[in-house]
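Undergrad:
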Amino acid sequence: MNLYLKNMKIFKDKKIIKTKGRYDFIDITDLVREVIKKSGIKDGIGLIFLPHTTAGFYFNEDESGLIEDFKNFLDKVLSEEENYHHNKLGEGNATAHLKNAIFKPIFEFIVEDNDILLGTWQKIFLVEFDNTQRQREIFFKIIGE
Amino acid sequence: MNLYLKNMKIFKDKKIIKTKGRYDFIDITDLVREVIKKSGIKDGIGLIFLPHTTAGFYFNEDESGLIEDFKNFLDKVLSEEENYHHNKLGEGNATAHLKNAIFKPIFEFIVEDNDILLGTWQKIFLVEFDNTQRQREIFFKIIGE
Amino acid sequence: MNLYLKNMKIFKDKKIIKTKGRYDFIDITDLVREVIKKSGIKDGIGLIFLPHTTAGFYFNEDESGLIEDFKNFLDKVLSEEENYHHNKLGEGNATAHLKNAIFKPIFEFIVEDNDILLGTWQKIFLVEFDNTQRQREIFFKIIGE
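Protein chains in written order, with this note's numbering: chain A, 1267 to 1411; chain B, 1267 to 1411; chain C, 1267 to 1411.
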């Protein structure tokens, strides 16, 4: 019998973030780092999940002009001026749902040396797509050793 | 020697779904729940994969108006009226390929208490993008304990 | 005590790919297969990650007309003719950043029989979105047994 013992762990956490309404971009990179540190997992795979249908992630450079370009792109392909069926229900947040559906509220990452593996310019932002301030939950699950 | 034994499991499954042609939205949330129950895994990470190039997932609220808005968005950015090179091959499903490429036929989820972790309004749909009825395979892989 | 011993492994690798500038599509399917073979992992989940903000993945059929359609779609929704704030910084690669942000430089896959699980027509391409030739890193992490 070939015994091969790995100190495999599964770690979970949950964080709460308050957003200020549409297009609030909140850099959660340090928060993710903090959760990984707490997990003690050195080497593995992690997943961040939002149990929400009107928020998402932006994963790219933290450059204000680029974030403006990203918003303009979203407003162009999903204009607030159009008539959306979902807005007949009264909340007026159809585009927020569609943005969430396009980007999916899921983000996977590699854990290396008890840290997230990222390139120099990569930052993870939680993005509020809804039109009011909201309390958002972020669920973490990390598997590794 | 520090022995740390986890009852780690890897579970796989495959389901077959018949679709009725373009924009058939099939709620597979209960199917995913059923597969997780069967796996016996209480805590972990899972992945759903479609080995197809003309179908995808919609992950958001099950609201008919919103689903209509989602279709309208797709038809606007990928109009059937345009000339696509791929359609010279005869199947006429270029937009279906492009929608699959944009959304990627992969969906990851957190397993918690032997169930998928989801927000109140979140449902997972398999979406047929192709223009004929098809038989679709859904592959599951779950790792955890 | 119920001892259940799995030969769980975590495998990592890194590959370097040179690209020839905007819209260089490089089929990395065989490279991914090679890394999985090397890992020795038969059954599991894998993740490919690019530590870059101006490149991404195309996951669909290797058909030149379709790849042309995909480029045309990108050029339509993210026209090079528009004025982007990020381009004031001088690199002229705002659309490359936005394409990376839309598609996310992350790709997950199922490992089955020491190979990637793929449909007949599915190929994974690294896509250069930036306007100059670049050296790109691909990080792999595979968990399984």
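Ideal Cβ positions, reconstructed from N, Cα and C, are used throughout, including at glycine.
All values derive from a computational prediction rather than experimental measurement.
For Asn1268/A, would you say it is in contact with chain C, using Cβ-to-Cβ distances shorter than 9 Å as the test?
TA: In the first sequence, the residue the question calls residue 1268/A occupies position 2. With a pLDDT of 46 at Asn1268/A, under the threshold of 50, the predicted position of this residue should be treated as unreliable, and no value is reported.
Undergrad: Could you tell me whether the Cβ of Phe1325/B comes closer than 9 Å to any Cβ of chain C?
TA: By 1-based counting over the second sequence, the position of residue 1325/B is 59. Not one chain C Cβ lies under 9 Å of Phe1325/B.
Undergrad: What did DSSP end up calling Asn1397/B once you bin it into helix, strand or coil?
TA: Reading the second sequence from its first residue, position 131 is the one you call residue 1397/B. DSSP places Asn1397/B outside both helix and strand once states are collapsed to three, so it counts as coil.
Undergrad: Is there at least one Cβ from chain B nearer than 9 Å to Val1301/A's Cβ?
TA: Within the first sequence, numbered from 1, the residue matching residue 1301/A stands at position 35. False, the Cβ-Cβ gap to chain B never drops below 9 Å.
Undergrad: Would DSSP call Glu1357/C helix, strand or coil?
TA: Here residue 1357/C corresponds to residue number 91 of the third sequence, with the count starting at 1. Glu1357/C falls in the coil class under three-state DSSP.
Undergrad: Might you give, ordered along the chain, the residues of its own chain that have their beta carbon closer than 7 Å to the beta carbon of Asp1309/A, omitting 5 neighbours on each side?
TA: Locating residue 1309/A in the first sequence gives position 43, where the first residue counts as 1. Contacts found: Val1377, Glu1378, Gly1410 and Glu1411.
Undergrad: Provide the residue(s) that pair with Phe1373/C in DSSP beta bridges, ordered along the chain.
TA: Numbered from 1 along the third sequence, position 107 holds the residue referred to as residue 1373/C. Phe1373/C pairs with Ile1314/C.
Undergrad: Beta carbons nearer than 9 Å to chain A: which residues of the segment 1332–1363 of chain C have them?
TA: Val1343, Leu1344, Glu1348, Tyr1350, His1351, His1352, Asn1353, Lys1354, Leu1355, Ala1360, Thr1361 and His1363
Undergrad: Could you tell me the alpha carbon to alpha carbon distance between Pro1371/C and Lys1278/C, rounded to whole angstroms?
TA: Locating residue 1371/C in the third sequence gives position 105, counting from the first residue. Locating residue 1278/C in the third sequence gives position 12, counting from the first residue. Computed Cα separation, rounded: 17 Å.
Undergrad: According to DSSP, is Glu1334/C helix, strand or coil?
TA: Stepping through the third sequence from its first residue, residue 1334/C is reached at position 68. Helix at Glu1334/C.
Undergrad: Spell out whether any CB of chain A is found under 9 Å from the CB atom of Thr1386/B.
TA: On the second sequence, residue 1386/B is found 120 positions in, with the first residue counted as 1. Cβ-Cβ to chain A under 9 Å: yes for Thr1386/B.
Undergrad: Does the beta-carbon distance from Ile1294/B to Leu1392/B come in below 9 Å?
TA: Position 28 of the second sequence, counted from the start, is the residue given in the question as residue 1294/B. Position 126 of the second sequence, counted from the start, is the residue given in the question as residue 1392/B. Yes; because the gap between Cβ atoms is below 9 Å, this pair is in contact.
Undergrad: Please classify Thr1320/A as buried or exposed, where buried requires at least 16 other C-beta atoms within 10 Å of its C-beta.
TA: As a position in the first sequence, residue 1320/A is number 54, starting the count at 1. Buried.
Undergrad: Is the CB of Leu1394/C under 9 Å away from at least one CB in chain B?
TA: The sequence position of residue 1394/C within the third sequence is 128, counting from 1. Residue identity differs from the one stated: residue 1394/C is Glu in this sequence, not Leu. So no, Glu1394/C is outside the interface.
Undergrad: Are the Cβ atoms of Phe1375/C and Val1298/C separated by less than 9 Å?
TA: In the third sequence, counting from the first residue as 1, residue 1375/C sits at position 109. In the third sequence, counting from the first residue as 1, residue 1298/C sits at position 32. Yes, these two residues count as a Cβ contact at 9 Å.
Undergrad: Quick one: give me the first and last residue of the alpha helix (DSSP H) that Gln1303/A is part of.
TA: Numbered from its first residue, the first sequence carries residue 1303/A at position 37. According to the sequence shown, residue 1303/A is Lys rather than Gln. Segment Thr1295 to Ser1305, the alpha helix (DSSP H) holding Lys1303/A.
Undergrad: Compute the distance between the beta-carbons of Ile1368/C and Gly1312/C, then report whether it is under 9 Å.
TA: Within the third sequence, residue 1368/C is the residue found at index 102, counting from 1. Within the third sequence, residue 1312/C is the residue found at index 46, counting from 1. Not closer than 9 Å, so no.
Undergrad: What are the boundary residues of the beta strand (DSSP E) that Asp1279/B is part of?
TA: What you label residue 1279/B is simply residue 13 of the second sequence in a count that begins at 1. In this chain, the beta strand (DSSP E) harbouring Asp1279/B covers Lys1275 to Lys1284.
Undergrad: So what's Lys1407/B in DSSP terms, helix, strand or just coil?
TA: By 1-based counting over the second sequence, the position of residue 1407/B is 141. Three-state result, Lys1407/B: strand.
Undergrad: When you compare the CB of Phe1315/B with every CB in chain C, is at least one pair closer than 9 Å?
TA: For the purposes of this step, residue 1315/B is taken as the residue at position 49 of the second sequence. Chain C contact via Cβ: present.
Undergrad: What's the gap between the Cα of Glu1300/C and the Cα of Ile1307/C?
TA: Counted from its first residue, the third sequence places residue 1300/C at position 34. Counted from its first residue, the third sequence places residue 1307/C at position 41. For Glu1300/C and Ile1307/C, the distance between alpha carbons rounds to 12 Å.
Undergrad: Three or more C-beta pairs closer than 8 Å, one from the segment 1387–1403 of chain C and one from the segment 1351–1367 of chain C: is that the case here?
TA: Three or more Cβ pairs closer than 8 Å define a contact, and the segment 1387–1403 of chain C meets that threshold against the segment 1351–1367 of chain C.
Undergrad: Nearest-angstrom Cα distance between Gly1287/B and Phe1315/B?
TA: Counting from one through the second sequence, the residue named residue 1287/B turns up at place 21. Counting from one through the second sequence, the residue named residue 1315/B turns up at place 49. Each residue's Cα considered, the two are about 19 Å apart.
Undergrad: Give me the chain A residues within the contact set of Ile1292/B, using Cβ-Cβ distance strictly less than 8 Å, ordered along the chain.
TA: Stepping through the second sequence from its first residue, residue 1292/B is reached at position 26. Chain A residues near Ile1292/B: none, gap ~16 Å exceeds 8 Å.
Undergrad: Among Gly1385/C, Ser1305/C, Gly1331/C and His1351/C, which residue has its Cα nearest to the Cα of Pro1317/B?
TA: Along the second sequence, read from residue 1 onward, the residue named residue 1317/B stands at position 51. Comparing Cα-Cα distances from Pro1317/B to each of Gly1385/C, Ser1305/C, Gly1331/C and His1351/C, the minimum goes to Gly1385/C.
Undergrad: Would you report the Cα separation of Asp1335/C and Asp1296/B, rounded to the nearest angstrom?
TA: As a first step, residue 1335/C must be located in the third sequence, where it is residue number 69. As a first step, residue 1296/B must be located in the second sequence, where it is residue number 30. Straight-line Cα distance between these residues: approximately 36 Å.
Undergrad: If the criterion is Cβ atoms closer than 9 Å, does the pair Phe1325/B and Gln1388/B meet it?
TA: Counting from 1 along the second sequence, the entry for residue 1325/B is found at position 59. Counting from 1 along the second sequence, the entry for residue 1388/B is found at position 122. Yes, the Cβ-Cβ distance between Phe1325/B and Gln1388/B is below 9 Å.
Undergrad: My output table needs one value for Asp1309/B: the three-state DSSP class, helix, strand or coil.
TA: Residue mapping note: residue 1309/B aligns to position 43 of the second sequence, counting from 1. The answer is strand: DSSP assigns Asp1309/B an E or B state.
Undergrad: Is it buried or exposed for Asp1290/A, if we count other Cβ within 10 angstroms and need 16 for buried?
TA: The count along the first sequence starts at 1 and reaches residue 1290/A at position 24. Asp1290/A comes out buried.
Undergrad: Which value, in whole angstroms, describes the spacing of the CA atoms of Asn1268/A and Ile1408/B?
TA: Position 2 of the first sequence, counted from the first residue, corresponds to residue 1268/A. Position 142 of the second sequence, counted from the first residue, corresponds to residue 1408/B. Residue confidence is low: Asn1268/A scores 46 on pLDDT, short of 50, so the model does not pin down where it sits. Its coordinate-derived value is still stated next. It is roughly 24 Å from the alpha-carbon of Asn1268/A to the alpha-carbon of Ile1408/B.
Undergrad: Could you pull the start and end residues of the beta strand (DSSP E) that Asn1326/A belongs to?
TA: Along the first sequence, read from residue 1 onward, the residue named residue 1326/A stands at position 60. Element bounds for Asn1326/A: Ala1321 to Asn1326.
Undergrad: To which residues of the same chain is His1363/A closer than 7 Å at the C-beta, ignoring the five residues directly before and after it?
TA: Working through the first sequence from its first residue, we reach residue 1363/A at position 97. Same-chain partners within the cutoff: Thr1319, Thr1320 and His1352.
Undergrad: Answer with yes or no whether the minimum CB distance from Pro1371/C to chain B is below 9 Å.
TA: Against the third sequence, residue 1371/C aligns to sequence position 105. No - not a single Cβ of chain B is within 9 Å of the one on Pro1371/C.
Undergrad: Rounded to the nearest angstrom, what separates Lys1280/B and Lys1304/B at their Cα positions?
TA: Your numbering for residue 1280/B matches position 14 in the second sequence. Your numbering for residue 1304/B matches position 38 in the second sequence. Near 12 Å, if we compare the C-alpha coordinates of Lys1304/B and Lys1280/B.
Undergrad: Less than 9 Å between CB atoms is the rule here; does Phe1405/B satisfy it with respect to chain C?
TA: Start at 1 with the first residue of the second sequence, and residue 1405/B comes out as number 139. Output row for Phe1405/B: interface = yes.
Undergrad: Helix, strand or coil: which one does DSSP assign to Leu1340/B?
TA: What you label residue 1340/B is simply residue 74 of the second sequence in a count that begins at 1. Helix, per DSSP.
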